[in-house]
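Reading through the structure tokens given below for one structure.
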Amino acid sequence: MKATASSGQRERLVIVGNGMVGHHCVEQLVSRGAHERFELHVFGEERQRAYDRVHLSEYFGGSCAETLALCEHDFYTANGVHLHLGECVLEIDRERCEVVTAEGRYGYDQLVLATGSYPFVPPIEGSSGNARLVYRTLDDLDGIRAAAASARRGVVVGGGLLGLEAANALKSLGLEAHVVEFAPRLMPVQLDGEGGAALKAQIEALGVGVHLSRATQSISDGEAYRYRMHFEGGEHLETDLIVFSAGIRPQDALGRTSGLDIAARGGVVIDNHCRSSDPRIFAIGECASWNGSVFGLVAPGYSMARNLAALLMGEAAVAFTGADMSTKLKLLGVDVGSIGDAHGATPGARSYRFIDEANSAYRRLVVDASGKHVLGAVLVGDNSYYDTLLQYAQNGIALPADPAALILPQGGGAPALGADALPDSATICSCHNVSKGAVCAAIDNGCSDLAAVKGCTKAATGCGGCAALLKQVFEHELTARGVAVDKSLCEHFAYTRQELYGLVRVEGIRTFSELLERHGKGHVGCDICKPAVGNILASCWNQPIMDPALVPLQDTNDTFMANMQKNGTYSVVPRIPGGEITPDKLIVIGQVAKKYDLYTKITGGQRIDLFGAQLHELPLIWGELIEAGFETGHAYGKSTRTVKSCVGSTWCRYGVQDSVGMALRLEDRYKGLRSPHKLKFAVSGCTRECAEAQSKDIGVIATDKGWNLYVCGNGGMRPRHAELFATDLDDETLVRLIDRVLMFYIRTADKLQRTSVWRENLEGGLDYLKQVIIDDSLGLAGELEAQMQHVVDQYECEWANALNDPEKLKRFRTFVNDRRADPDVHFVREREQRRPAAPLHLIPTVEEAV
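So the sequence shown is numbered by this note's numbering: it starts at 344 and just counts up by one.
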């Protein structure tokens, strides 16, 4: 038994529940310095720390628990929070102010219930085992995956949001998927009859069976499949597994057993400050009932968490007075949007409808009796109208003379609502409750680019649905402050990087001087345009960067084809494709390191770095490495760095594809590829993800049917998980799509822009990128592939090229007229071990060079 005592004068704050809302509450408390005021304990019933349930379906696309986690593994410890995972709170002793678990009793001064909800399973005879699966937690998904391994067909009971997500999961597992819904339409809460019909048509076109107005009475053994579902009226459907997603119920058991007030339809009753009938106990999220309503979306839960954190920290707390339940979704690849009073239930409400039966698209606009304000909307098939309609509804903006124009085909969604029309109170990001005013304040406080605004406000870092609107507001506000949104590269070129790339490519320009003469001004260039143009030229034509015309464009690292270290020495990084290396090559690296007294380090990219080389030693070292079969690893350039891999199916008992073979193929193809920023790849042989592919610019994860492709992730200062781009690809299709993605990035990104930031700033986001790359909506696919093939065909190891050119080797001499090292310069290690003199036979003298 345990008893937690108060530490000093700090109050004891216990949070029961480590889901998205509970974790957000902890984040808000930590950001306010809660460790100084509270001894904070968090209890999670699951074994995993808080993870993203909104994107739960990605678990079947290759994501793992770590990928979906909402924080780093040491977040709680680093912030003084005691996290109890896998420890279920069994009861609340309100008299003694303690929570009870199987491990002991823990005292509290304040208690927060964030226990969420549980899936409702109708009492159906015969529902057990694989006939009683639910779709709620990672453990649930593991159970579905296990059941699917020996199944051909799966059925989801429930055609709501989670039900359609579950159907998508079954489809991604290779099963024939069906949805059974009791109501006469799909998503009955969000959609009206016409919207439900449009959604049904689109989902059936994807190969998912939809069965409406079906009440399951019992489940028995099947004939062709494992189970038979018997419906009211005598119909039946056979299947191998059944997933119940028939709605959720508040997880209010702790509140009930401890005597807290419970709403008639479930949920711990709370006031406007999330306080229960016991003044020491609060409830937030789906376990709470405010004014008789339980909110099943994450945004209202986040709002409760923020308000409660402020209250607990003694700040002026904003009252919780309900939440907007508008949602923008993509279900099985189909756009669905629901705003406000989607059903037109408000007295006097009138509707405008647009029905496109040919494309199974539907839009409905609900306005008030005066016809001047939006009350709600329904969208199926095209969510490009959503952001504009939401702002009209949320901010009471007066409608145009013809309201129907807002939902009629425009070629790009509803007519854009200018950022100047939005009041400061307008909500830009619902997930994190970021208003236009907060965005403006961030700009006033020095956020000068979109990435900085996102980092400061967290806008567009939740579901990402507000990214386009955020960019619009940001650029408008810069202009309003007199800051011209000038996208010129520098004073010498009145073009963006993307425009310069187009000029170089179309006009066949191969030198900086030619580009400056045709399209720039001045005679020399600067530290901004020269390396940017050098990078563009390398991306287009892949000429050796040590060619005389290109050398002046390079920065220090590219100039000497090595990374300069803080003591003035350089690092040597030979390419080790896919991390695969022979014993003989390992021996060579060891011999070179000993000969030149180099520090060796195995990197996270599965390479061996050699540190401490002096400038004049670089050709000597590379001469020995290239003779042994190594190539430059391009660690010094904005280029492909590494392709990391696990051992794959060759050795690993979990591997389903040859990840090493694919890594070797990718590294051989893209080695030397210059891009706006460095590129890192990884290939994992199964969904256990040992190569960490989802943190890379290009990530590839093996499936039983081929490869899943992830794009635009990275580590660094602004970590970002890569996004699932395409599934079950064969080898050739995988390479073809990577060709297109990389070359489109190279063509359109800004200078020094990583793939993650490029993707975040793309108008239309991931969907637009898929249209361009997969659907070839711009007709560029063949051109992108041809350009990549040209770069591949032009590849030459830059160090091998330099070693064969006496003129290029002159750059690596300490003295113009002497090949020896400077005898007065000594590089001393921390332990004062003096470095030996280096051999000099590979560096020509002035006479030899001439």
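Glycine included, each C-beta is placed from N, C-alpha and C at the ideal position.
The structure presented is a predicted model; accordingly, all values stated were derived computationally and were not measured.
In or out: residue i buried (at least 16 other Cβ within 10 Å) or exposed?
| i | result |
| --- | --- |
| residue 533 | buried |
| residue 1001 | buried |
| residue 617 | buried |
| residue 556 | exposed |
| residue 913 | buried |
| residue 993 | exposed |
| residue 431 | exposed |
| residue 908 | exposed |
| residue 561 | exposed |
| residue 866 | exposed |
| residue 755 | With a pLDDT of 48 at residue 755, under the threshold of 50, the modelled position of that residue is not reliable, and no figure is offered here. |
| residue 1037 | buried |
| residue 715 | exposed |
| residue 357 | buried |
| residue 849 | exposed |
| residue 970 | exposed |
| residue 1118 | exposed |
| residue 644 | buried |
| residue 564 | exposed |
| residue 763 | exposed |
| residue 788 | exposed |
| residue 1121 | exposed |
| residue 355 | buried |
| residue 664 | exposed |
| residue 1060 | The predicted position of residue 1060 is uncertain, since its pLDDT is 48 and thus under 50; a value taken from the coordinates is nonetheless stated next. Label assigned to residue 1060: exposed. |
Under DSSP, the alpha helix (DSSP H) around residue i begins and ends at which residues?
| i | result |
| --- | --- |
| residue 419 | 418-421 |
| residue 969 | 961-970 |
| residue 647 | 641-655 |
| residue 1011 | 1002-1013 |
| residue 880 | 872-884 |
| residue 924 | Run containing residue 924: none; DSSP gives neither H nor E here. |
| residue 1109 | 1108-1116 |
| residue 340 | Beyond the ends of the chain as shown, which are 344 and 1193, falls residue 340; an answer cannot be given. |
Can you tell which of the options has its C-alpha closest to the C-alpha of residue i?
| i | options | result |
| --- | --- | --- |
| residue 541 | 809, 529, 355 and 1104 | 529 |
| residue 462 | 658, 506 and 568 | 506 |
| residue 623 | 452, 724 and 687 | 452 |
| residue 526 | 510, 558 and 513 | 558 |
| residue 1057 | 1049, 589, 1042 and 1071 | 1042 |
| residue 1152 | 976, 902 and 619 | 902 |
| residue 815 | 771, 899, 784 and 831 | 771 |
| residue 522 | 471, 911 and 550 | 550 |
| residue 669 | 1114, 1035 and 504 | 504 |
| residue 728 | 672, 482 and 1034 | 672 |
| residue 839 | 857, 824, 872 and 852 | 872 |
| residue 402 | 496, 440 and 486 | 486 |
| residue 845 | 882, 809 and 834 | 882 |
For the ligand FMN, I want to know if residue i counts as a neighbour, meaning its beta carbon is within less than 8 Å of at least one of the ligand's heavy atoms.
| i | result |
| --- | --- |
| residue 918 | The model on display carries no ligand, and the ligand FMN is accordingly not part of it. |
Please check the pair residue i and residue j, which I expect to be a contact at CB under 8 Å, by giving their CB distance rounded to whole angstroms.
| i | j | result |
| --- | --- | --- |
| residue 951 | residue 919 | 7 Å |
| residue 685 | residue 717 | At roughly 11 Å, the Cβ-Cβ gap does not stay under 8 Å, so residue 685 and residue 717 are not in contact. |
| residue 1146 | residue 966 | 6 Å |
| residue 803 | residue 813 | 5 Å |
| residue 490 | residue 511 | 16 Å between Cβ atoms; not a contact. |
The beta strand (DSSP E) that contains residue i, what's its start and end?
| i | result |
| --- | --- |
| residue 453 | 453-456 |
| residue 1051 | 1049-1054 |
| residue 560 | 559-564 |
| residue 593 | 591-593 |
| residue 942 | 942-945 |
Are the C-beta of residue i and some C-beta of chain D separated by less than 9 Å?
| i | result |
| --- | --- |
| residue 913 | Included in the structure is just one protein chain, with no chain D present. |
- Are the region 1007-1023 and the region 1061-1073 touching, with three or more C-beta to C-beta distances below 8 Å? At 8 Å Cβ cutoff, the stretches do not touch.
- Okay, do the region 1130-1141 and the region 874-887 touch, 3+ Cβ pairs below 8 Å being the bar? Yes, they touch.
- Message: Does the region 358-369 come into contact with the region 454-468, if we say contact requires no fewer than three beta-carbon pairs (one atom in each stretch) closer than 8 Å?
- Response: With the cut-off at 8 Å, the region 358-369 and the region 454-468 touch.
- Query: Is the region 715-725 in contact with the region 735-750, if contact means three or more CB pairs nearer than 8 Å?
  - Reply: Touching, yes, given that three or more Cβ pairs across the two stretches are closer than 8 Å.
- Task: Count the CB pairs spanning the region 583-599 and the region 491-505 that are closer than 8 Å, and state whether there are at least three.
- Result: The region 583-599 and the region 491-505 touch, with no fewer than 3 CB-CB distances between them shorter than 8 Å.
- Taking three-plus beta-carbon pairs below 8 Å as touching, is the region 652-662 in contact with the region 366-382? Verdict: yes, contact present.
- Query: Is the region 375-394 touching the region 464-474, taking contact as three or more C-beta pairs under 8 Å?
  - Reply: Touching, no.
- Query: Pairing CB atoms from the region 383-390 with CB atoms from the region 420-429, are three or more of them under 8 Å?
  - Reply: Flag = yes, the region 383-390 and the region 420-429 touch.
- Item | Segment contact, 8 Å Cβ cut-off, at least three pairs: the region 1082-1094 with the region 1120-1139 | The answer is yes - the region 1120-1139 touches the region 1082-1094, with three or more Cβ pairs under 8 Å.
- For the region 1069-1083 and the region 1044-1055, state whether three or more C-beta atom pairs, one from each stretch, are separated by less than 8 Å. Cβ pair count under 8 Å is three or more, so yes.
- Task: Tell me, please, whether the region 689-704 touches the region 565-575 by the rule of three or more beta-carbon pairs shorter than 8 Å.
- Result: No, the region 689-704 is not in contact with the region 565-575.
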